[in-house]
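Colleague:
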Amino acid sequence: MLEVECGFDSDYYRTAQDELELSGPTLSIRVEQVGRIVSAERKSGPCDALVDTGADKSCIDIDLAKKLELEICDSQTVNGVHGPQQTNYYAALIDIPGLSYVRIMHLAGLPLARSSFPHEFLIGRDLLRWFVLIYEGDTGRVVIRRRSQAEGER
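In numbering that gives the first Met the number 0, the protein residues as written are 0 to 153.
So, in C-alpha coordinates, the structure goes:
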(Lines of atoms letter the chains of each structure in order from A and count residues from 1; the text may use other names and numbers.)
(Lines give C-alpha, C1' and ligand atoms only; values in the text may rest on other atoms or scores of the structure.)
Protein backbone atom coordinates (compact mmCIF):
# COMPACT_ATOMS: atom_id res chain seq x y z
CA MET A 1 0.00 0.00 0.00
CA LEU A 2 1.33 3.43 -0.95
CA GLU A 3 0.92 6.21 1.59
CA VAL A 4 1.77 9.85 2.09
CA GLU A 5 1.72 12.02 5.22
CA CYS A 6 -0.34 15.20 5.03
CA GLY A 7 -0.38 16.17 8.70
CA PHE A 8 2.23 18.09 10.64
CA ASP A 9 5.15 17.72 13.04
CA SER A 10 5.50 19.74 16.21
CA ASP A 11 8.12 22.47 16.28
CA TYR A 12 9.28 25.13 18.72
CA TYR A 13 6.32 27.41 17.96
CA ARG A 14 3.36 25.05 17.51
CA THR A 15 2.24 21.55 18.30
CA ALA A 16 1.28 19.27 15.42
CA GLN A 17 -2.31 19.29 16.68
CA ASP A 18 -2.43 23.11 16.63
CA GLU A 19 -1.00 23.27 13.11
CA LEU A 20 -3.46 20.64 11.86
CA GLU A 21 -6.36 22.59 13.38
CA LEU A 22 -5.17 25.88 11.84
CA SER A 23 -4.09 24.68 8.39
CA GLY A 24 -5.96 21.43 7.81
CA PRO A 25 -4.43 18.33 6.21
CA THR A 26 -2.25 19.51 3.32
CA LEU A 27 -1.02 17.38 0.43
CA SER A 28 1.50 18.30 -2.28
CA ILE A 29 0.14 17.75 -5.81
CA ARG A 30 0.90 18.82 -9.39
CA VAL A 31 -1.62 20.20 -11.89
CA GLU A 32 -1.28 20.52 -15.68
CA GLN A 33 -3.20 20.73 -18.93
CA VAL A 34 -4.89 17.66 -20.35
CA GLY A 35 -3.78 16.06 -23.60
CA ARG A 36 -0.98 18.38 -24.66
CA ILE A 37 2.74 18.41 -24.45
CA VAL A 38 3.06 20.99 -21.73
CA SER A 39 5.90 23.48 -21.42
CA ALA A 40 7.45 23.96 -17.98
CA GLU A 41 5.68 27.30 -17.41
CA ARG A 42 2.29 25.62 -17.90
CA LYS A 43 2.90 22.97 -15.26
CA SER A 44 2.34 23.84 -11.66
CA GLY A 45 5.20 23.22 -9.33
CA PRO A 46 4.25 21.40 -6.19
CA CYS A 47 0.92 22.89 -5.16
CA ASP A 48 -0.46 22.80 -1.61
CA ALA A 49 -3.87 21.13 -1.60
CA LEU A 50 -6.23 21.13 1.37
CA VAL A 51 -7.87 17.76 2.04
CA ASP A 52 -11.51 18.75 2.63
CA THR A 53 -13.95 15.94 3.46
CA GLY A 54 -16.76 18.51 3.56
CA ALA A 55 -16.38 19.39 -0.12
CA ASP A 56 -18.12 17.12 -2.60
CA LYS A 57 -16.03 18.42 -5.54
CA SER A 58 -12.37 19.29 -5.92
CA CYS A 59 -11.57 22.95 -6.70
CA ILE A 60 -8.69 24.96 -8.13
CA ASP A 61 -7.84 28.60 -7.59
CA ILE A 62 -9.18 30.46 -10.61
CA ASP A 63 -5.96 32.46 -11.06
CA LEU A 64 -3.88 29.26 -11.07
CA ALA A 65 -6.25 27.71 -13.64
CA LYS A 66 -5.79 30.75 -15.89
CA LYS A 67 -2.01 30.81 -15.39
CA LEU A 68 -1.80 27.15 -16.42
CA GLU A 69 -4.18 27.87 -19.35
CA LEU A 70 -6.51 25.06 -18.34
CA GLU A 71 -9.42 24.52 -20.72
CA ILE A 72 -12.92 25.45 -19.54
CA CYS A 73 -15.04 22.31 -19.93
CA ASP A 74 -18.29 23.29 -18.19
CA SER A 75 -20.10 25.98 -16.22
CA GLN A 76 -22.31 25.15 -13.23
CA THR A 77 -23.82 26.67 -10.13
CA VAL A 78 -21.95 25.67 -6.99
CA ASN A 79 -23.03 26.20 -3.38
CA GLY A 80 -20.39 27.45 -0.99
CA VAL A 81 -20.17 29.40 2.24
CA HIS A 82 -21.27 32.57 0.38
CA GLY A 83 -24.28 30.88 -1.22
CA PRO A 84 -24.81 29.72 -4.82
CA GLN A 85 -22.60 31.11 -7.58
CA GLN A 86 -21.98 30.33 -11.23
CA THR A 87 -18.46 28.99 -11.83
CA ASN A 88 -16.40 27.57 -14.66
CA TYR A 89 -15.07 24.04 -14.46
CA TYR A 90 -11.57 23.33 -15.79
CA ALA A 91 -10.19 20.09 -17.21
CA ALA A 92 -6.88 19.25 -15.54
CA LEU A 93 -4.45 16.41 -15.09
CA ILE A 94 -3.88 15.87 -11.35
CA ASP A 95 -0.70 14.13 -10.21
CA ILE A 96 -0.17 13.02 -6.61
CA PRO A 97 3.48 11.94 -6.78
CA GLY A 98 3.66 10.38 -3.32
CA LEU A 99 0.85 7.99 -4.24
CA SER A 100 1.84 7.34 -7.89
CA TYR A 101 -1.62 8.56 -8.86
CA VAL A 102 -2.58 10.51 -11.99
CA ARG A 103 -6.14 11.36 -13.00
CA ILE A 104 -7.98 13.72 -15.34
CA MET A 105 -10.59 15.72 -13.45
CA HIS A 106 -13.06 18.57 -13.92
CA LEU A 107 -12.35 21.16 -11.23
CA ALA A 108 -14.50 24.05 -10.05
CA GLY A 109 -12.60 27.31 -10.47
CA LEU A 110 -12.98 29.45 -7.34
CA PRO A 111 -11.20 32.62 -6.14
CA LEU A 112 -9.38 30.78 -3.34
CA ALA A 113 -6.28 33.02 -3.17
CA ARG A 114 -8.33 36.23 -3.45
CA SER A 115 -10.28 35.23 -0.35
CA SER A 116 -7.07 34.75 1.67
CA PHE A 117 -7.44 30.97 1.48
CA PRO A 118 -3.95 29.54 2.10
CA HIS A 119 -4.24 26.73 -0.49
CA GLU A 120 -4.41 26.83 -4.31
CA PHE A 121 -6.28 23.56 -4.54
CA LEU A 122 -8.98 21.80 -2.56
CA ILE A 123 -9.26 18.00 -2.64
CA GLY A 124 -12.92 17.02 -2.32
CA ARG A 125 -14.69 13.71 -1.91
CA ASP A 126 -14.71 13.15 -5.70
CA LEU A 127 -10.95 12.50 -5.43
CA LEU A 128 -10.83 11.17 -1.86
CA ARG A 129 -13.17 8.30 -2.80
CA TRP A 130 -10.16 6.47 -4.28
CA PHE A 131 -8.11 6.53 -1.05
CA VAL A 132 -8.05 5.63 2.62
CA LEU A 133 -7.80 8.69 4.88
CA ILE A 134 -6.53 8.32 8.45
CA TYR A 135 -6.95 11.43 10.62
CA GLU A 136 -5.37 11.40 14.07
CA GLY A 137 -6.30 14.77 15.52
CA ASP A 138 -4.72 13.97 18.89
CA THR A 139 -1.27 13.58 17.29
CA GLY A 140 -1.55 15.92 14.28
CA ARG A 141 -0.90 12.96 11.97
CA VAL A 142 -2.89 12.50 8.76
CA VAL A 143 -2.14 9.77 6.22
CA ILE A 144 -3.63 9.09 2.80
CA ARG A 145 -3.21 5.55 1.49
CA ARG A 146 -3.73 4.00 -1.91
CA ARG A 147 -3.92 0.31 -2.61
CA SER A 148 -1.46 -0.90 -5.22
CA GLN A 149 -2.60 -2.87 -8.28
CA ALA A 150 -1.34 -6.06 -6.60
CA GLU A 151 -3.54 -5.35 -3.56
CA GLY A 152 -6.63 -5.09 -5.71
CA GLU A 153 -7.06 -1.39 -6.33
CA ARG A 154 -10.67 -0.62 -7.16
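Beta carbons are placed, not taken as given, at the ideal position from N, Cα and C, and that holds for glycine.
Counting along the chain, where does the alpha helix (DSSP H) carrying E31 start and finish?
Modeller: Note, E31: premise wrong, no alpha helix (DSSP H); beta strand (DSSP E) at T25 to E31.
Colleague: Could you check which residue in R146, R140 and K66 has the C-alpha nearest to that of L19?
Modeller: Comparing Cα positions, the closest option is R140.
Colleague: Are the region 130-144 and the region 61-69 touching by the rule of at least three beta carbon pairs closer than 8 Å?
Modeller: no
Colleague: Locate the alpha helix (DSSP H) running through A54, then write down its first and last residues.
Modeller: Here A54 belongs to no alpha helix (DSSP H), and DSSP marks it neither H nor E.
Colleague: With a cut-off of 8 Å on the beta carbons, I'd call A48 and I28 a contact; round off their distance for me.
Modeller: 5 Å
Colleague: In whole angstroms, what is the alpha-carbon distance linking P45 and P83?
Modeller: 30 Å
Colleague: Within its chain, find whatever has a CB closer than 6 Å to the CB of L98; leave out the 5 residues flanking it on each side and keep chain order.
Modeller: L1, V3 and R145
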